[in-house]
Amino acid sequence: MLTFFVIVPVLIAVFLFVFSTNKAARVLAIIIQSLFVLATFWLFLQSRHTEFITYVGSYDDVLGIILRTSNTSAVFILLTSVIFLAVSIYSYNEEGVRTFWFLLFILEAVLVGLFLTRDLFNIFVLVEVGTVVVTILIMYYRGRRQMFTGMVYLMLNIVAMQFYLFGIGYIYMLTGAFDVAHVADALAYIDREALVLPYALIMTGMAFKCAIIPLHSFVPKVRLYPAAPSAVVAILSGVQIKTNVYLFLQFHQVFDTFSAQGFFLAVGIITSAIGVFMAMCQTDIKMILAYHTVSQVGLIIIGLFAGTEYSFLGGLFHVISHGVFKTALFLTAGIIFHAYGTRDVYKIRGVMRRMPIVGAVTVAAVLGITGAPFFIGSISKYFISADVHWLVEWSVIIISLGTIISFTKYAGMLFGKPDQDLIGDKPKPDTWRLVPAMALGAMCLLGGVFGQPLVNFLFVNTATIDIMGYAQKALIFFVSVAVGYGIYKYIIAGNKLLKRIGDLDLGFKSACASMGAFFGLIIIMVGVL
Amino acid sequence: MDMLSETLLVTLLVIWVLCCVLILFERRIYRNIIYFGIFSLIASLCYLLLGAPDVAMAEAGISVFATIFFIVCIEKSYSRQGGAVREKSESMRRGRWIIKIAVPLVFSAGLFALFVRFMPDIPVNTYLKDQFLARFMTDVGGYNAVTAILLGYRVYDTLFEALILVVSVVAVAHMSWAEELSVPDGRHSEIENSNMAVFTMRIICPIILIFGAYLILNGHVAAGGGFLGGVAISTFFICRYYIYGIYDMPVKKVMRMEELVFIYFTLMAVLFVTLIGANIYLPSDFAEVYQHLYLIIMNTLIGLKVACGFFIIFYRYVTVERIEGELPAEEGGSQA
Amino acid sequence: MIGALDIFAVALFFISFFGLITSRNIIKTIIFILTMQTSVIMFWLFIGSRTGTIPPIIDVGDIAYMYNLPAYADPLPQALMLTTIIIGICVVAINIIMLNTLFRKYKTTEWSNMAKLARKDHIEKY
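Residue numbers (the working numbering), protein chains in the order written: chain R, 26 to 554; chain L, 4 to 339; chain S, 104 to 229.
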């Protein structure tokens with residue numbers, strides 16, 4: 026049953042690979058994708074209260090591969106399919122269709138598969154397929170300037186997966202099982218000392234994949250973003266990185282004998298802060314958004330590891346809200362780039378006047394990401410920082426301030442008068458691109474207005490938003506906007522030093538070494554201390 | 004395992020590790036590639052001693068491809084720099100080697116020590132092994148447990164494995180410097196004029212093909228299977244290249260065939276995974292025939308798939324990648 | 104006895120790791136990625152052969168094998184490592200193609216030179 030959710034995208038991909046150049050085929054693919062969204066919604070409704078289990082090939086017990094949904098993974102699958110629908114409508118007129126559409130749907134199959142599977146080795150295979158597909162898609166326009174970075178990205182990912190493979194070897198040796206649930210059961214009977222090594226190996230691999238700071242994995246990836254197709258970047262930042270966060274969380278729960286919660290909380294805060302700081306240093310619009318992905322993933326990790334029930338819920342909901350507003354931002358950034366022919370945030374002016382709809386969507390998404398009241402980001406940020414330790418709360422506030430500063434720069438391009446030399450006779454955006462962006466922008470607003478019922482509906486919870494607390498957060502938001510605007514105006518704008526910092530790069534060898542250092546750090550922290 | 008093979012295994016492993024150390028110290032790249040070939044061969048022998056003939060064959064076949072890829076890659080720089088590709092020896096300032104060599108060495112050794120300190124000292128859990136060995140004949144059929152696992156219990160993994168092959172063929176075409184697939188005028192191989200080599204190859208060629216077919220068709224009974232057979236068949240193409248050059252390689256046909264085979268394979272796997280299921284209830288006489296038929300068909304499809312995939316990648320390497328030529332001008336990057 | 108063999112695989116893993124963080128040539132780095140992978144594969148097969156090393160291929164008509172199960176090698180690691188080998192070679196093929204394309208452009212296979220040139224290229228044109 027659940028296998029269909031993986032097989033259907035593969036079949037669409039193969040179908041498009043054969044009948045690619047035909048426009049009717051693409052329309053058909055979009056229709057099938059919409060049906061797929063309905064199917065995932067049905068799956069979500071079904072698995073709200075009970076788990077769905079499929080034994081692939083109907084072998085019983087632990088012999089075969091087991092696919093399983095929980096409420097959380099069903100929500101993420103729903104998000105994946107919705108974003109893929111938006112992106113496939115957006116790239117309806119994409120050139121060089123054949124491989125692009127093929128790879129797009131293969132990627133969808135892989136991501137859905139990662140949310141469904143509970144088999145350790147299957148995760149390895151899927152992640153490898155995903156890495157290769159992402160490497161091709163991210164360099165789809167054959168920008169050879171980026172190929173060096175792309176190669177570094179690919180090699181680093183292979184090395185990280187070797188750590189992971191070594192780790193699951195130990196797991197297999199100790200437990201004789203591959204299914205996560207069985208492994209978790211079996212680990213309870215095993216000496217804590219014996220688990221240090223597999224824990225460190227697996228966590229090194231997984232932490233690398235979800236762009237956690239000490240590994241710097243995000244640097245090569247982020248450097249690839251500007252030249253990649255916007256549709257692809259939207260998927261990578263909206264969904265793909267979340268699969269890794271999900272896996273990371275899952276492995277953290279499997280090894281619950283280790284209380285590395287504080288460590289990962291600190292890592293999340295550092296990741297988020299550095300991501301925001303790097304974003305402030307950029308001038309390329311896609312680069313700004315890319316570094317914000319890093320910081321928002323850090324925020325999600327803060328939420329998941331802060332330790333209270335509400336913050337965990339906030340972390341999960343932030344996966345959804347970040348998926349929505351970041352996809353909207355990247356899609357609109359693609360449209361803006363198309364209309365202006367440049368990605369420099371200081372050169373683009375007057376988006377509001379030239380393309381009012383795109384401008385409105387951008388405003389909604391920017392308000393979403395900065396956590397303005399009545400927008401979707403405010404809800405998740407409220408939950409993340411509800412009744413946590415004051416240090417965590419303040420770091421979230423400071424990260425939000427950084428986000429506001431850098432988006433003051435970003436929003437600058439909405440106003441002013443468009444530069445006629447730049448625009449020339451570039452065409453207006455076509456409808457295929459506007460529709461998904463508008464839908465996502467509307468979701469930013471609606472998700473905020475109906476925040477509380479939405480959270481409770483998605484995650485089967487009875488969380489309530491305290492009006493006074495929410496008002497307090499809103500007040501903090503407005504104060505931060507004032508402070509942030511001041512900081513932007515007098516410190517950030519046009520700062521040469523910051524631009525130099527923003528160009529920082531990290532080579533393959535040092536990234537590899539930091540991977541080893543992270544591995545050693547976890548062993549020392551868990552095993553020795 | 005008896006005393007003799009144990010000693011042999013340990014000796015091989017020592018040479019194996021030394022080989023890797025040799026690669027560390029050797030600066031000439033073509034020697035490194037040869038050492039890597041030896042390294043793979045020893046690894047393959049070790050696999051055989053550890054009771055894994057399938058993996059040993061796969062490693063042996065794959066290392067041929069890896070070596071060819073590496074050689075094609077260094078060939079151009081080799082000819083340009085007059086015979087030797089060396090790592091450029093930077094003049095090491097005093098104290099420089101501490102950062103370059105000593106710190107990484109201490110770092111790696113420290114990680115190694117930490118690793119060894121925490122190596123779990125617990126006997127292997129053999130639950131899954133016993134289950135698989137006891138049940139694979141009735142569940143999936145055939146006599147080779149590895150094939151049974153690949154095509155039965157974990158066919159879902161195998162599906163993605165075939166997928167990564169398709170994707171990598173696309174990737175190799177996409178990442179390459181040249182847009183077009185085939186070269187206009189055929190290129191001779193270097194040993195085409197050597198009578199002895201061609202004669203030997205001509206004798207070997209059909210044998211390899213038959214061997215590949217044997218591996219595929221007998222994959223469920225003996226060591227072998229789709230992947231190994233596919234790799235063997237694609238080494239047939241390598242031999243053929245060395246005899247005839249690339250004049251009459253049916254590339255377009257092979258590419259079309261690869262797509263079709265992948266579609267069939269996917270449909271077959273879907274049919275199997277979702278609709279029919281392995282333990283279908285049939286009369287016991289008929290069940291065995293059905294199971295064997297399924298295994299043979301799947302092995303054949305995978306074998307064709309792998310053979311086509313590796314042929315296309317190999318073809319790309321020996322033709323387009325070997326041409327001397329400049330990159331086309333950088334595109335403006337106007338799309339996004 | 105066989106349990107002690109793991110040390111070889113671990114040693115090779117970290118030798119390869121040392122090679123990755125020190126080697127100056129990209130081809131050499133790719134070779135070390137392959138050796139690292141081989142070491143992991145070897146480790147898995149060590150696990151599989153702890154109890155027995157007879158290949159898990161049953162003779163046709165051998166009914167008594169059920170009483171001799173511990174003597175056989177574990178088929179599961181073998182199947183998984185077959186998958187890993189195929190995946191590894193696919194990824195390495197892509198990797199070398201990328202390196203080849205880059206070599207045509209920058210005429211070097213050194214990490215430091217190529218990083219310098221690529222960075223210059225990146226900043227100038229972008």
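Just so it is clear, CB atoms sit at the ideal spot from N, CA and C, and this is done for glycine as well. Owing to the predicted nature of the structure, the values given are computational and were not obtained by experimental measurement.
So, residue i versus residue j, is the Cβ gap smaller than 8 Å?
i, j, result
"residue 148/S", "residue 180/S", "yes"
"residue 203/R", "residue 145/R", "yes"
"residue 610/R", "residue 395/R", "In this structure chain R extends from 26 to 554, so residue 610/R is not present and cannot be described."
"residue 157/R", "residue 197/S", "yes"
"residue 36/R", "residue 50/R", "no"
"residue 401/R", "residue 339/R", "no"
"residue 438/R", "residue 376/R", "yes"
"residue 257/R", "residue 105/R", "no"
"residue 302/L", "residue 223/L", "yes"
"residue 212/R", "residue 149/R", "no"
"residue 36/L", "residue 73/L", "yes"
"residue 314/R", "residue 351/R", "yes"
"residue 336/R", "residue 408/R", "yes"
"residue 129/S", "residue 217/S", "yes"
"residue 165/R", "residue 251/R", "no"
"residue 143/L", "residue 151/L", "yes"
Let me know the secondary structure DSSP gives residue i once reduced to three states.
i, result
"residue 165/R", "coil"
"residue 27/R", "coil"
"residue 31/L", "strand"
"residue 446/R", "helix"
"residue 115/S", "helix"
"residue 160/S", "strand"
"residue 93/R", "strand"
"residue 128/S", "strand"
"residue 76/R", "coil"
"residue 214/R", "coil"
"residue 84/R", "coil"
"residue 33/R", "helix"
"residue 47/R", "coil"
"residue 205/R", "helix"
Identify, in the order they occur along the chain, each residue of the same chain with its Cβ nearer than 8 Å to the Cβ of residue i, setting aside the five sequence neighbours on each side.
i, result
"residue 109/S", "146, 149"
"residue 131/R", "34, 35, 38, 154, 158"
"residue 75/L", "320, 321, 324, 325"
"residue 48/L", "15, 59"
Under 8 Å, Cβ to Cβ, is there at least one residue of chain C near residue i?
i, result
"residue 129/L", "In the structure shown, chain C cannot be found, because the protein chains are R, L and S."
Below 7 Å CB to CB, which residues in the same chain sit around residue i once its five sequence neighbours on both sides are set aside?
i, result
"residue 178/S", "159"
"residue 80/R", "89, 91"
"residue 502/R", "396, 397, 398"
"residue 267/L", "304"
By Cβ distance below 6 Å, which residues in the same chain neighbour residue i in space, the five residues on each side in sequence not counted?
i, result
"residue 426/R", "505, 509"
"residue 232/L", "215, 218, 219, 306"
"residue 237/L", "310, 313, 314"
"residue 181/L", "323"
Segment contact flag, the region 372-389 of chain R with the region 414-421 of chain R, C-beta cutoff 8 Å, min 3 pairs: no
Contained alpha helix (DSSP H) runs [length at least 4] in the region 457-543 of chain R, N- to C-terminal order: 476-484, 492-512, 521-527
Whole alpha helix (DSSP H) elements within the region 314-402 of chain R, 4-residue minimum: 334-365, 376-379, 381-395
Contiguous beta strand (DSSP E) assignments of at least 3 residues, all confined to the region 41-76 of chain L: none
Stretch-stretch touch, CB-based, cutoff 8 Å, three pairs: the region 208-225 of chain R with the region 287-304 of chain R: no
Secondary structure, alpha helix (DSSP H): runs of 4+ residues fully inside the region 110-154 of chain R: 122-141
Inter-stretch contact (C-beta, 8 Å, three-pair minimum) for the region 21-34 of chain L and the region 263-277 of chain R: no
Any 3 or more C-beta pairs closer than 8 Å across the region 195-212 of chain R and the region 229-239 of chain R: no
The region 186-197 of chain R / the region 304-324 of chain R touching (three or more Cβ pairs under 8 Å): no
Uninterrupted alpha helix (DSSP H) stretches inside the region 199-254 of chain L (no shorter than 4 residues): 229-247
Cβ contact (3+ pairs, closer than 8 Å) linking the region 455-468 of chain R and the region 109-116 of chain R: yes
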